[in-house]
Amino acid sequence: MKTRERIIALAQARFNEFGYGNVTTAALAEELGISEGNLWYHFKTKRHLLESISEEFIRYSNERLALRPSSETDVIEGYIELMMAHERELLLYRFLYRDQADYGGHSQIVLDNITGLYDKSRAQFRAFFTEMVRVGLLDWPEDRIDHLTVNAIILIRFGLEYLRETQQAFDSSAVEQTFLQHLTLFEHQLDPAAAKRLRDAAARLLTDSAARAA
Numbered sequence: 001m002k003t004r005e006r007i008i009a010l011a012q013a014r015f016n017e018f019g020y021g022n023v024t025t026a027a028l029a030e031e032l033g034i035s036e037g038n039l040w041y042h043f044k045t046k047r048h049l050l051e052s053i054s055e056e057f058i059r060y061s062n063e064r065l066a067l068r069p070s071s072e073t074d075v076i077e078g079y080i081e082l083m084m085a086h087e088r089e090l091l092l093y094r095f096l097y098r099d100q101a102d103y104g105g106h107s108q109i110v111l112d113n114i115t116g117l118y119d120k121s122r123a124q125f126r127a128f129f130t131e132m133v134r135v136g137l138l139d140w141p142e143d144r145i146d147h148l149t150v151n152a153i154i155l156i157r158f159g160l161e162y163l164r165e166t167q168q169a170f171d172s173s174a175v176e177q178t179f180l181q182h183l184t185l186f187e188h189q190l191d192p193a194a195a196k197r198l199r200d201a202a203a204r205l206l207t208d209s210a211a212r213a214a
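Going letter by letter, the sequence shown gives residues 1 to 214 in full-length UniProt numbering.
1) Please list the terminal residues of the continuous alpha helix (DSSP H) segment that includes MET1.
2) Select from ALA174, ARG134, HIS188 and LEU198 the residue whose C-alpha is nearest the C-alpha of LEU92.
3) Please name the residue in ALA66, ASP99 and SER54 whose C-alpha comes closest to that of GLU17.
4) Note down, in chain order, each residue of its chain lying with its Cβ closer than 7 Å to the Cβ of PHE95, except the 5 sequence neighbours on either side.
5) Per DSSP, what are the beta-bridge partners of LEU138 in this structure?
6) Please classify SER107 as buried or exposed, where buried requires at least 16 other C-beta atoms within 10 Å of its C-beta.
7) If we call anything under 8 Å between Cβ atoms a contact, is LEU155 one with THR130?
8) Assess contact between the region 33-42 and the region 117-127, defined as three or more Cβ pairs (one per stretch) separated by less than 8 Å. Is contact present?
9) Grab me the residues of ILE109's own chain with a C-beta within less than 8 Å of its C-beta, minus the 5 sequence neighbours each way, in chain order.
10) Find out if the Cβ-Cβ distance for the pair LEU190, LEU148 is shorter than 8 Å.
11) Is there contact between the region 164-171 and the region 78-92, where contact requires at least three CB pairs shorter than 8 Å?
12) Taking the alpha carbon of HIS182 as the point to measure from, which residue in VAL150, PRO192 and VAL75 has its own alpha carbon closest?
13) Output the distance between the C-alpha atoms of LEU67 and MET132, rounded to the nearest integer angstrom.
14) Closest by CA to LEU49, which one among LEU82, ILE34 and ALA11?
15) Identify whether PHE43 lies in helix, strand or coil by the three-state DSSP scheme.
16) In whole angstroms, what is the alpha-carbon distance linking ILE80 and ARG164?
17) Measure the C-alpha to C-alpha separation of GLU72 and ALA127 and round it to an integer number of angstroms.
18) The ligand FMN and HIS106: does the residue's C-beta get closer than 7 Å to at least one heavy atom of that ligand?
19) Taking ALA203 and GLU176 to be in contact with their CB atoms under 8 Å, please state how far apart those CB atoms are, rounded to whole angstroms.
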């Protein structure tokens with residue numbers, strides 16, 4: 001792995017672990033066994049590191065946003081696949097979701113894509129909820145599916161930040177709490193067996209994803 005890639009990988013891991021505001025370029029350089037000047041050659045500031053990590057975040061998010069209900073699998077299995085991808089996204093990039101109070105405004109690449117990300121997220125969740133209603137697994141008025149969609153996105157988008165600010169959770173456990181919380185929006189209207197599958201999967205996938213992201 002090249003020095004630049006090593007710097008990005010370590011910075012992302014430490015930002016996630018300790019928080020963006022609690023990590024210095026000096027500490028990163030020391031852990032990497034390089035001089036701070038060598039690190040500055042690649043990234044003059046933490047903000048430049050943020051920009052590079054954000055580029056990877058956009059690519060990852062767009063891959064996750066391509067998921068849709070499929071005729072080849074049942075919609076609950078498809079939603080579990082979506083949760084798996086989304087949980088891993090939050091684990092890998094959780095400081096971006098959690099630490100905006102530290103890093104301030106979004107990086108330019110996120111600002112350039114943010115409207116599209118929200119539009120694609122609404123379309124994605126709407127497609128899954130609509131399919132759940134169509135096949136009789138979710139008892140939900142069709143004219144309120146958009147409300148459910150927006151609520152799910154808001155809870156997942158800002159859940160980590162809320163848990164940090166209320167001092168309830170900071171580490172990867174916040175991701176599990178966020179996804180289990182989002183299920184409370186609609187699981188009471190799901191077929192009981194489907195609701196159990198989603199709740200069991202949310203906990204199981206978080207454990208598996210945390211191990212891979214460590």
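Even for Gly, the Cβ is constructed at its ideal location relative to N, Cα and C.
Nothing here was measured: the structure is a model prediction, and the numbers come from that model.
On the basis of the supplied data:
1) To locate residue 1, count along the sequence shown from 1; it is residue 1. It is not in any alpha helix (DSSP H) - MET1 carries neither H nor E in the DSSP assignment.
2) As a first step, residue 92 must be located in the sequence shown, where it is residue number 92. For the residues ALA174, ARG134, HIS188 and LEU198, the minimum Cα distance to LEU92 belongs to ALA174.
3) As a first step, residue 17 must be located in the sequence shown, where it is residue number 17. The candidate whose alpha carbon is nearest that of GLU17 is ASP99.
4) Position 95 of the sequence shown, counted from the first residue, corresponds to residue 95. So the list reads PHE15, ASN16, GLY19 and TYR20, once near-sequence residues are dropped.
5) Within the sequence shown, numbered from 1, the residue matching residue 138 stands at position 138. Answer by DSSP bridge pairing, in chain order: LEU190.
6) What you label residue 107 is simply residue 107 of the sequence shown in a count that begins at 1. Flag for SER107 reads buried.
7) Walking along the sequence shown from the start, residue 155 turns up at place 155. Walking along the sequence shown from the start, residue 130 turns up at place 130. Contact: no.
8) no
9) In the sequence shown, residue 109 corresponds to position 109, counting from 1. So the qualifying residues of the chain are GLU51, SER54, GLU55 and ILE58.
10) For the purposes of this step, residue 190 is taken as the residue at position 190 of the sequence shown. For the purposes of this step, residue 148 is taken as the residue at position 148 of the sequence shown. Their beta carbons are not under 8 Å apart, which means LEU190 does not touch LEU148 by this criterion.
11) Contact between the region 164-171 and the region 78-92 is absent, with fewer than three C-beta pairs closer than 8 Å.
12) In the sequence shown, counting from the first residue as 1, residue 182 sits at position 182. Taking only the C-alpha atoms, the option nearest HIS182 is VAL150.
13) By 1-based counting over the sequence shown, the position of residue 67 is 67. By 1-based counting over the sequence shown, the position of residue 132 is 132. Approximately 15 Å, taken between the alpha carbons.
14) The sequence position of residue 49 within the sequence shown is 49, counting from 1. When LEU82, ILE34 and ALA11 are compared, the shortest CA-CA separation from LEU49 is found for ALA11.
15) Sequence index remark: in the sequence shown, residue 43 carries index 43 (1-based). Coil, per DSSP.
16) Your numbering for residue 80 matches position 80 in the sequence shown. Your numbering for residue 164 matches position 164 in the sequence shown. Their backbone Cα atoms lie some 26 Å apart in a straight line.
17) Along the sequence shown, read from residue 1 onward, the residue named residue 72 stands at position 72. Along the sequence shown, read from residue 1 onward, the residue named residue 127 stands at position 127. Between GLU72 and ALA127, the C-alpha separation is close to 15 Å.
18) Absent from the structure shown: the ligand FMN. Ligands present: none.
19) To locate residue 203, count along the sequence shown from 1; it is residue 203. To locate residue 176, count along the sequence shown from 1; it is residue 176. About 7 Å separates the two Cβ atoms, so the contact holds.
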